[in-house]
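Heads up, the thing below is written out as C-alpha cells.
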Amino acid sequence: MTLSLHKISAITEMKFKAIISNKNLIMMPIFSIAITVVYRFLYTSLLKDNSSADMMMGIVLNLGLMMNIVMTGMMVTSSALAEEKEKHTLRTLMTSSVNGLEFFLGSIIPPLIMIIIVNMILPFLSGISLEVINYPIYFLITTVASITSCVLGMVTGIYAKNQMSASTISSPITMIFVFIPTFASLNDGIARVSRFLYTGVVSEMITSYSNHQEAPLNALNMAVLFGQIIAAAILFIVVYKRNGYETD
Amino acid sequence: MGKKELLSLHHISKKFKSELALKDISISVHEGEILGFLGPSGAGKTTAIKIITGQLKQTSGDAVILGRDSRNINESIYERIGIVTDNSGIYERMTVYQNMLFFAKILRVERKRIDELLKRVGLYKHKKKLAGKLSKGQVQRLVLARAILHRPKILFLDEPTSGLDPSTALEIHKLMIELKNEGMAIFLTTHNMEEATKLCDHVALLNEGNIVEFGSPKEICLRYNTDKRYKVLLSNNEEQVLENDQQSANKLKDWINENVLESIHSCEPTLESVFLTVTGRELQ
C-alpha cells in the first residue's frame, strides 16, 4: 500500500472543513473547554482556602481532559466517518484512487490536532498551578491517549451506518473510558480497573500534578499507554480487513 | 487497426446467498464505444459495475479492466476510470467549486480544468453555491463533471438520467456523445430503452442476471422484425399499415402513380418491445 502526501493533505483539509462546518462535531472540543471553565469557577467559589486548590483544579482538569480525549476523539472521528457513509461520499472517495491508509491518516489528523490544541489549553483554563505540570510528559501522555481514542473512533465508525448510530455505538465505550478513571478515587475496585486503562494513566498523571508530584512514568503506565495504542491499531486493522470502511 | 479493448468480462457469475445475480456474463468494451447494459431494476446492472470496478468480488469468471484483473484493482486503475452511480455522493457543506477542487487535488488535475468542466456542464455560474443547495439535475451534472475531471479512459454511468427532467437528460446525452467522440469508453446502465437506442453502439439486454440479447440497437431490432410491416401516410392524412406481400406492393405502386403517398416507414420493433418479447413479459 502506497502513501501519497497530496492525497492525505487533501483529505485532511476536507475533514477539517467537514468538522468545522458540522455543529454537532465542533461542539465537542468547545464543550470540553466550557465544562472546564464552568467547573473551575464553580469549584473556586466553593473553596474556603487555597490549601486544596490544586487538588480541586486537578479534578477540573481531569474532567476536561477526559471529555476532550475520549469524547472528542471517539465521537468526532466515528461521526465523521459515519457521515461519509451516510452521504455516500466514502465510496466515491475510495474509488477515486484513495487507499485505506491514506483515508485513515487524513481522517484522524484533523480531530487529533484539535484535541491536542485543546489538551494544551486546558491546564491554563483549569486553574491548576502551571509550574507543577511537566509539559513534555503531559504532551506525550495526552497525545498518545488522544491517538488511541481516534483509532477507536475509526473502529466504531466502521460499524456505524450513520451519524446517529455512531453516537449510539460510541456512547457506552466513551462512558467506560471517561467514568472509570473519574470515579477511581471513590472505590478501590474501580481504581484497580482504571490503572489498566489509557485514560487511567492520564488521570493518574493529573492526580500526581495536583498533589505536586511528578507524573508516575512507571512500567505499568507505559505498558498500558503504549500497549493500548498498539491494541487499538491491531483492532482497527482486523476490523478494516474484515469489513473495509463499510460493513455491508 | 481496430479500437483497443479496455474492458472485458469473461463468464462472470455472482451469487448472493442462494440467489444468482449475474449468470455467465461475457462482454467487452472498446475505446470510443458506448455499451448499454439494459434491464429492469434488480436485473444485475449495478452488481456488474461493482464487480468491474473492484467494489464487489465475483463468484466465478474474470473481469479485466485496463489490463488488470478487477479483483486486484489498485489506485492506478482508479486514476483512469470514472464512476457515476445513483449513490455518488457530494460534500453538501462544500461549494460546487470546492467539491471539484478536492477531487482535483486527489487526482492531481490542474485547476483550470475545473472551470472548463463546470462551464461544460453548465454549473460555472453556480460554482460558489453550496452543493447541498443544488437541484437533483445540477447534482447529477456535478457528479458527472467530477467523474470526468481526470479524463478517464472508461466512464461508468449507472442510470445517469434517472429521475431527471427531459432537458437535463438531453444535456447529459449530449455530453456523453462528446466524450465518446473524444475516445472515452462508456459503460452505461439504464432501464430507459429510448436512451440506449439513441446513445449506444452496442447493448446487452439483461434479465434476471442473464444477457438475453446483444448487438447494436439497430441489429437487435431488425433481428426481431419478423412481421415486416410498413406504415404509410397518404395525402388525405389517412394512415395505413401494410403487410410485406404482393397486394401491399400493388397498393403502393398505385399510390405512387396517383401521387398521394406522403411518407412510408418500416415498423421494426423498438428495444423495449424486443425486451418484452425475449423476457416473455408481454405474455403476463
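These protein sequence lines map, in sequence, to chains A and B. For the first sequence, the working numbering gives the first residue as 142, with consecutive numbering after it. For the second sequence, the working numbering gives the first residue as 79, with consecutive numbering after it. Glycine is no exception: its CB is placed at the ideal position from the N, C-alpha and C atoms.
Is residue i near residue j, with beta carbons less than 7 angstroms apart?
i, j, result
"B/F265", "B/V162", "no"
"B/L84", "B/I232", "yes"
"B/H204", "B/G139", "no"
"A/P252", "A/T153", "no"
"A/V342", "A/L366", "yes"
"A/T233", "B/Y169", "no"
"B/Y156", "A/T177", "no"
"B/T137", "B/S86", "no"
"A/V292", "A/A194", "no"
"A/T297", "A/I310", "yes"
"A/I210", "A/S312", "no"
"B/I184", "A/A151", "yes"
"A/T213", "A/P170", "yes"
"A/I314", "A/G247", "no"
"B/T173", "B/L196", "no"
"B/G261", "B/E109", "yes"
"B/L201", "B/R224", "no"
Which residue marks the beginning of the alpha helix (DSSP H) containing residue i, and which one marks its end?
i, result
"A/D329", "329-335"
"B/V174", "174-184"
"A/G241", "241-267"
"B/D193", "190-198"
"A/S311", "304-323"
"B/G358", "Element bounds for B/G358: n/a, residue is neither H nor E."
Roughly how many angstroms lie between the CA atoms of residue i and residue j, to the nearest whole one?
i, j, result
"A/P277", "A/A356", "11 angstroms"
"A/G368", "A/F377", "14 angstroms"
"B/L212", "A/K164", "21 angstroms"
"A/L263", "A/S220", "24 angstroms"
"B/N314", "B/T348", "28 angstroms"
"B/L361", "B/L339", "For B/L361, the pLDDT reaches just 26, beneath the cut-off of 50, and the residue's location in the model is therefore unreliable, although a value from the coordinates is still provided. The straight-line gap from Cα to Cα measures roughly 36 angstroms."
"A/I299", "B/T246", "36 angstroms"
"A/M207", "B/G210", "35 angstroms"
"B/Q176", "A/V201", "41 angstroms"
"B/K276", "B/C345", "17 angstroms"
"B/A263", "B/K190", "24 angstroms"
"A/T185", "A/M196", "11 angstroms"
"B/V333", "B/G215", "Here residue 333 of chain B turns out to be Trp, not Val, going by the sequence shown. Cα to Cα, the separation comes out at about 49 angstroms."
"A/I370", "A/L327", "27 angstroms"
"A/V285", "B/K123", "47 angstroms"
"A/S308", "A/A301", "8 angstroms"
"B/I151", "A/M142", "12 angstroms"
"B/D243", "B/N335", "46 angstroms"
"B/Q324", "B/K331", "10 angstroms"
"B/L179", "A/S162", "18 angstroms"
"A/E387", "A/I258", "30 angstroms"
"B/N135", "B/K128", "Here residue 135 of chain B turns out to be Lys, not Asn, going by the sequence shown. Roughly 8 angstroms separates the two Cα atoms."
If I measure Cβ to Cβ from residue i and keep anything under 8 angstroms in the same chain, skipping five residues before and after, which residues do I get?
i, result
"B/N285", "G117, P118, A121, F353, V356, T357"
"B/I159", "T131, I143, L144, P230, K231, I232, L233, F234"
"A/L266", "I174, T177, V178, R181, G205"
"B/K93", "A99, T137"
"A/I331", "I321, F324, A325"
"B/D102", "H89, I90, S91, G139, N288"
"B/A274", "G114, L116, L266, T268, V281, P295, L349"
"A/M216", "L166, M169, G294, A307, S308, S311, T315"
"A/E243", "L144, S145, K148, I149, I152"
Which two residues bound the contiguous beta strand (DSSP E) that contains residue i?
i, result
"A/G424", "In the structure displayed, chain A extends from 142 to 389; residue 424 of chain A sits before or after that span and is not available."
"B/K93", "83-94"
"B/D140", "138-143"
"B/S104", "97-108"
"B/I159", "159-162"
"A/L361", "Taken as a continuous stretch (DSSP letters only), A/L361 belongs to no beta strand (DSSP E), being part of the alpha helix (DSSP H) at 360-384."
"B/I226", "Run containing B/I226: none; DSSP gives neither H nor E here."
Closer than 6 angstroms by C-beta to residue i: which residues in its own chain qualify, once you throw out the five before and the five after it? Chain order, please.
i, result
"B/N322", "K306"
"B/L283", "L116, V290, E291, F353"
"B/S166", "V221"
"A/N303", "A223, E227"
"B/H228", "L185, V187"
"B/R146", "I155"
"A/N384", "I299"
"A/N203", "S344, I347"
Which residues in the same chain as residue i place their Cβ atom closer than 7 angstroms to its Cβ, once the five residues preceding and following it in sequence are excluded?
i, result
"A/F245", "M295"
"A/G199", "I269, I347, T348, Y350, S351"
"A/Y381", "G241, I299"
"B/E316", "none"
Let me know the alpha helix (DSSP H) ranges lying completely inside the region 267-347 of chain B, each 4 residues or longer, listed in chain order. 271-277, 295-301, 324-336
For a minimum of 4 consecutive residues, which ranges assigned as the alpha helix (DSSP H) are wholly contained in the region 153-187 of chain A? 164-187
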